[in-house]
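These notes are about the structure you will find just below.
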């Protein structure tokens, strides 16, 4: 496959510096408007809290973690980050639609099976979800938004995420190259 | 003077609408930059595609320069902005766990949402995984609580922690980023191409 010199990627994306510039402007605008940064894992946490509260309300109230996000009168889904995440879905759908990238598929390297890809996606998700709670934010909320205001915690989290990903990349190489 | 909503320049009722609009812009830019593709994202860890590194650090630089420049011009009060809190071991251990998840799955939460939006089934599974991870953390909260709440140094910036002038830091940070971008391009030329 790689012998074909004229082979190209299936999709052409924006110049990364252009995308990065716009993303930086969005973060700046977010801080200017709301005084806070962006986030992504927060919406998933709210979803979990909301599900647990619906299924087992007393359990959620007695748990020292869930109970921090439950209030009497409002649903845990009514947070800034949930609305923002809905916007992300809409925005990505528009961009994907304009460029013909929408469709059901499992994307993986030709060297591995779909099943393997899905298993690793699941396991990686579990780890990321766990890690994002321990560090109180993910790549968006802790690292990117933290770096915008020179937060020490944000920088440390960023170094830990990228450092660890590079350190462990060797063990997952079969999945990607 | 900004931030506008906390200071009452824009009524708080607009908060949710602004959240959706910002989200749309965020999602659009991420998807258009290629962040809905796990194989592109993973490229940075194997040297065949550094787009993520470039987007990420360009965005961080533009935002931090913008924040301090607007503060300097008096449009934005940097002291009113929310600073991500510094829990030393929470940041390190959480970050290391996230890094493994990142290279295993090729997504982080924000990018996975973009991939969900365009129908990637692996991303849907990944988001399900994140929710399982959050569930595990919550159910075992008593075990994680010491690192979650301990070793707290406050909502500090590098200015507080290291005592360096933020302007100088932004300048040094910019220089490091430029060197990293050049190095990334040199590495990519030497690494075997991967197409996706």
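Protein chains in written order, with the numbering used here: chain Z, 115 to 291; chain F, 6 to 201. No residue lacks a Cβ here, since even glycine has one placed at the ideal position from N, Cα and C. A quick note: this is a predicted structure, and the numbers were derived from the prediction, not measured.
Would you tell me roughly how many angstroms separate the C-alpha atoms of residue 156/Z and residue 53/F, rounded to the nearest one? Each residue's alpha carbon lies about 31 Å from the other.
Just confirm the distance between the C-beta atoms of residue 56/F and residue 190/Z, as a whole number of angstroms; I'd bet it's less than 8 Å. Contact annotation, residue 56/F with residue 190/Z: C-beta distance approximately 35 Å; criterion of less than 8 Å not satisfied.
Restricting to Cα atoms, I'd like to know which of 195/Z, 199/Z, 246/Z, 164/Z is closest to residue 180/Z. Distance from the Cα of residue 180/Z is smallest, within the candidate group 195/Z, 199/Z, 246/Z, 164/Z, for 164/Z.
Just checking: is the beta-carbon of residue 11/F within a distance shorter than 8 Å of some beta-carbon in chain Z? It does: the Cβ of residue 11/F has a partner Cβ on chain Z nearer than 8 Å.
Is the shortest distance between the beta-carbon of residue 136/F and the beta-carbons of chain Z less than 8 Å? Yes, residue 136/F lies at the interface with chain Z (some Cβ there is under 8 Å from its Cβ).
List the residues of chain Z whose Cβ lies closer than 7 Å to the Cβ of residue 59/F, in chain order. By Cβ distance, chain Z contributes 130, 131, 134.
Determine, using beta carbons only, whether residue 220/Z and residue 127/F come nearer to each other than 8 Å. Yes, the pair counts as a contact, with Cβ atoms nearer than the cut-off.
Between residue 116/Z and chain F, is the shortest Cβ-Cβ distance under 8 Å, so that the two count as touching? Because the pLDDT of residue 116/Z is 47, which lies under 50, any placement of that residue in the model is unreliable, and the question is left without a value.
Where does residue 117/Z fall in DSSP's three states? At residue 117/Z, the pLDDT of 48 sits below 50, so the modelled position is not reliable and the matter cannot be decided from this model.
Output yes if chain F places a C-beta closer than 8 Å to the C-beta of residue 254/Z; else output no. Interface criterion met: the Cβ of residue 254/Z is under 8 Å from a Cβ in chain F.
Against residue 102/F, what residues of chain Z qualify as contacts under a CB-to-CB distance less than 7 Å, listed in chain order? Correct list: 241, 244, 245, 248.
Short Cβ contact (8 Å threshold) for residue 241/Z with residue 102/F: The answer is yes: Cβ separation under 8 Å.
Neighbour-count burial assignment, residue 177/Z, 16 or more Cβ in a 10 Å radius: By the neighbour-count criterion, in which 16 or more other beta carbons inside 10 Å mark a residue as buried, residue 177/Z falls on the buried side.
Buried or exposed, going by whether 16 or more other CB atoms sit within 10 Å of the CB of residue 188/Z? Here residue 188/Z is exposed, its C-beta having fewer than 16 other C-beta atoms within 10 Å.
Kindly identify the DSSP beta-bridge partner or partners of residue 125/F. Beta-bridge pairing links residue 125/F to 219/Z.
Is it the case that the Cβ atoms of residue 292/Z and residue 29/F are separated by a distance below 8 Å? Residue 292/Z lies beyond the stretch modelled for chain Z, which goes from 115 to 291, so this question has no answer here.
Do you know how far the Cα of residue 196/Z is from the Cα of residue 46/F? Distance between the alpha carbons of residue 46/F and residue 196/Z is about 24 Å.
Taking residue 167/F as the reference, which of 283/Z, 169/Z, 265/Z, 127/Z has the closest Cα? It is 265/Z.
Output the distance between the C-alpha atoms of residue 66/F and residue 172/F, rounded to the nearest integer angstrom. Going from the Cα of residue 66/F to the Cα of residue 172/F covers about 12 Å.
Going by beta carbon distance, what residues of the same chain come within less than 8 Å of residue 184/F, once the five residues before and after it are set aside? A distance below 8 Å between beta-carbons, with the five flanking residues on each side excluded, links residue 184/F to no residue of its chain.
Look at the Cβ atom of residue 92/Z, then the Cβ atom of residue 268/Z, and state whether they are nearer than 8 Å. This structure leaves residue 92/Z out entirely; chain Z is present only between 115 and 291.
Pick out whichever of 38/F, 157/F, 20/F, 14/F has its Cα sitting closest to the Cα of residue 193/Z. Ranking the options by Cα distance to residue 193/Z, first place goes to 20/F.
Taking the CB atoms as reference points, tell me whether residue 138/F and residue 43/F lie closer together than 8 Å. No; because the gap between Cβ atoms is not below 8 Å, this pair is not in contact.
Please say whether residue 201/Z and residue 25/F have beta carbons closer to each other than 8 Å? Result yes, Cβ atoms of residue 25/F and residue 201/Z sit closer than 8 Å.
Is residue 86/F buried or exposed, if buried means 16 or more other CB atoms sit within 10 Å of its CB? Buried: at least 16 other Cβ atoms inside 10 Å.
Residue 291/Z: first and last residue of the uninterrupted alpha helix (DSSP H) it sits in: Taken as a continuous stretch (DSSP letters only), residue 291/Z belongs to no alpha helix (DSSP H), as it is neither H nor E.
Are three or more beta carbon pairs between the region 136-148 of chain Z and the region 227-244 of chain Z nearer than 8 Å? Counting Cβ pairs under 8 Å, fewer than three are found: no touch.
Where are the beta strand (DSSP E) runs, 3 residues long or more, that stay fully inside the region 247-282 of chain Z, in chain order? Segments of the beta strand (DSSP E) lying fully in the region 247-282 of chain Z: there are none.
Please state whether DSSP places residue 152/Z in a helix, a strand or coil. Three-state DSSP puts residue 152/Z in coil, outside helix and strand.
Per DSSP, which one or two residues make a beta bridge with residue 162/F? Answer by DSSP bridge pairing, in chain order: 265/Z.
Can you pull the chain F residues whose beta carbon is under 7 Å from the beta carbon of residue 177/Z, in chain order? Ordered by position in chain F, the residues that pass the 7 Å Cβ test against residue 177/Z are 143, 146.
With 9 Å as the limit, tell me which residues of the region 209-233 of chain Z have their beta carbon closer than that to any beta carbon of chain F; keep them in chain order. For chain F, the residues of the region 209-233 of chain Z that bring a beta carbon within less than 9 Å of one of its beta carbons are 209, 210, 211, 212, 213, 215, 216, 217, 218, 219, 220, 221, 222, 223, 228, 231, 232, 233, in chain order.
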